[in-house]
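According to mature numbering (1 follows the signal peptide of the UniProt record, and there is no 0), the stretch in the sequence shown is residues -21 to -1, 1 to 183, in order. Positions of the beta carbon are idealized from the N, C-alpha and C atoms, including for glycine.
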Amino acid sequence: MSYKKLFHCIGLIACLNLLTACTVTDLDAEGNPIIPKDPNAVVSFADFTLSEVADQLWQPKVLPEATQAFTPWESIKSQLDAQQINTKQSFFVRLDGTIESVDLGKMKGVVKLKVGETDIDLQVGRIIKGNAIRDASQYVLFDDFKNQIRFAQISREFNNRAMAAIGEPDASWVGETASVIAAITIDQNVISDAVPMQITRGGK
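Here is the structure:
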């Protein structure tokens, strides 16, 4: 075999190898290549609506975290008694107590729950102040959001879902025992915000 034919054969083999290694890329409707998503890429919420972000976090992550990985109330109470929570902190907690009163307004209201010797005001209604749910969760991180405004607004989405879950309190609840999963914010050893996420009533 001549050198010329040998080089031709080598070139042909090399071309075949290159063709074999090529991957056919699908095109979108505009003829642009569709780049597969990196499975190891960090998920960003920048391109989602706030409702979509909340849907991705609430049921799969935030609610299970609240119901399964809450801080026992006894632990929080002992820290409060010892004046140990001097900086703002938020927790998921289970509260077992008795509903003492239900005070409802057009936009906001309060369900007062007596837990041992402690009265805790649970916020209910259309207006919920604070960011207790957002700040209690390890899954809601500022860096995942486009800006400070969206990070602040996601609290409203979580609060809306919490209110939808607990239903509409009324005067018939007064005197009933209840087990409550809630997010609470404590600042300077005072509970500043408490948002119920799940209320299980036990009757009178």
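Can you give the Cα-Cα distance for residue i and residue j, rounded to whole angstroms?
i, j, result
"residue 175", "residue 101", "6 Å"
"residue 27", "residue 33", "10 Å"
"residue 128", "residue 119", "14 Å"
"residue 78", "residue 38", "27 Å"
"residue 157", "residue 94", "10 Å"
"residue 56", "residue 173", "14 Å"
"residue 65", "residue 36", "29 Å"
"residue 181", "residue 114", "29 Å"
"residue 84", "residue 106", "10 Å"
"residue 143", "residue 87", "14 Å"
"residue -1", "residue 139", "With a pLDDT of only 49 at residue -1, under 50, the local geometry of the prediction cannot be trusted, and the value read off the model is given with reservation. Distance between the alpha carbons of residue -1 and residue 139 is about 52 Å."
"residue 187", "residue 166", "Because the chain is modelled from -21 through 183, residue 187 falls outside the range shown and cannot be assessed."
"residue 60", "residue 141", "29 Å"
"residue 58", "residue 150", "33 Å"
"residue 97", "residue 147", "24 Å"
"residue 121", "residue 135", "15 Å"
By DSSP, does residue i sit in helix, in strand, or in coil?
i, result
"residue 70", "strand"
"residue 46", "helix"
"residue 83", "strand"
"residue 175", "strand"
"residue 56", "helix"
"residue 183", "coil"
"residue 20", "Caution is warranted here: a pLDDT of 45 is assigned to residue 20, below 50, making its placement in the model unreliable, and the coordinate value is therefore given only provisionally. Note: residue 20 maps to coil in three-state DSSP."
"residue 35", "helix"
"residue 160", "strand"
Tell whether a beta-carbon distance below 8 Å holds between residue i and residue j.
i, j, result
"residue 178", "residue 145", "yes"
"residue 76", "residue 92", "yes"
"residue 116", "residue 31", "no"
"residue 133", "residue 29", "yes"
"residue 168", "residue 68", "no"
"residue 155", "residue 183", "yes"
"residue 81", "residue 152", "yes"
"residue 162", "residue 71", "yes"
Beta-carbon within less than 6 Å of residue i's beta-carbon, same chain only, minus the 5 sequence neighbours each way: which residues are those?
i, result
"residue 171", "164"
"residue 73", "49, 160"
"residue 109", "164, 172"
Quick one: what's got a C-beta closer than 8 Å to residue i's C-beta in the same chain, skipping five residues either side?
i, result
"residue 41", "112, 116, 118, 119, 137"
"residue 51", "72, 73"
Near residue i, what residues of its chain come up, given a Cβ to Cβ distance below 7 Å and the 5 sequence neighbours on each side ignored?
i, result
"residue 24", "32, 123, 124"
"residue 46", "160, 177"
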